[in-house]
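In my numbering, the protein residues as written are 4 to 257.
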């Protein structure tokens, strides 16, 4: 996005970055852009890759109660955790999302749980989820209302797969070694979204990066075909890389 801003705006941002003691970025595209401007930075995963390692017990506790426990009881074969922003809220798009999810739910015996990653304006909207759920088999869908951070983490952690527009939803799924795929809006001008930039940098081979709504079913199936041991290895690898880079920051600032 910085490349599309005014020269004055870019100059201000670059000046502040040059003045920093340490600059870390989470994707290769941003690293290359800064390097082209003569700004040195280190490539490091997003801090959210540490959520399972640092907060696993708290998240497991939240999974044993409340709405997460209800979802696990309702869908004994498991569920797909699904999230998307209000920008997907036109009728045609919601209809396609519903059709894709209903089919994969029916064919694989999985529930679908819609959750909000955030509730700021134009982030995620319960009304969009309700309109989508109304187009699906009632027995296969649940709307998760909690906005508690640990409830959301627990919902993702106990899912069979994550599908959504949120980058941090994907990163949480990566931390818990789960299949994942990001949704891309049909009107997205560039395929290089922040989700795609991050996943292209850190994702394991074969894991889908982003799909448009018509590709939800295929994307989820491709993600769920991933080897469980490889998923766990990637989660450990990312946590170790973040610790390594964090230690470098700490050493620089001491």
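Yeah, the Cβ is synthetic: ideal placement off N, Cα and C, and Gly gets one too. Bear in mind that the values here come from a model prediction, so they are computed numbers and not experimental data.
Hey, is the region 124 to 140 in contact with the region 27 to 47, meaning 3+ C-beta pairs nearer than 8 Å? no
Three-state secondary structure (DSSP) at residue 118? coil
Is the region 48 to 61 in contact with the region 212 to 219, if contact means three or more CB pairs nearer than 8 Å? no
Kindly indicate which three-state DSSP category residue 81 falls into: helix, strand or coil? coil
Among 105, 16, 9 and 24, which residue has its Cα nearest to the Cα of residue 256? 24
Kindly identify the DSSP beta-bridge partner or partners of residue 146. 117
Using C-beta distances below 7 Å, list every residue in its chain close to residue 54, excluding the 5 sequence neighbours before and after it, in chain order. The residues are 156, 175 and 178.
Using only the alpha-carbon positions, how far apart do residue 142 and residue 8 sit? 47 Å
Residue 153 classed as buried or exposed, judged by whether at least 16 other C-beta atoms fall within 10 angstroms: buried
Mind checking which residues open and close the beta strand (DSSP E) that includes residue 167? 164 to 167
Out of 37, 145, 68 and 184, state which residue places its alpha-carbon closest to the alpha-carbon of residue 21. 37
Beta-carbon gap between residue 184 and residue 214 smaller than 9 Å: yes
Is the separation between the beta-carbon of residue 200 and that of residue 181 shorter than 9 Å? no
In terms of residues, what are the limits of the alpha helix (DSSP H) holding residue 111? 94 to 111
Among residues of its own chain, excluding the 5 on either side of residue 172, which ones have a beta-carbon nearer than 7 Å to its beta-carbon? 86, 120, 159 and 165
Closest by C-alpha distance to residue 207, when choosing among 196, 149, 76 and 225: 225
When you compare only the Cα positions, how much space is there between residue 62 and residue 118? 16 Å
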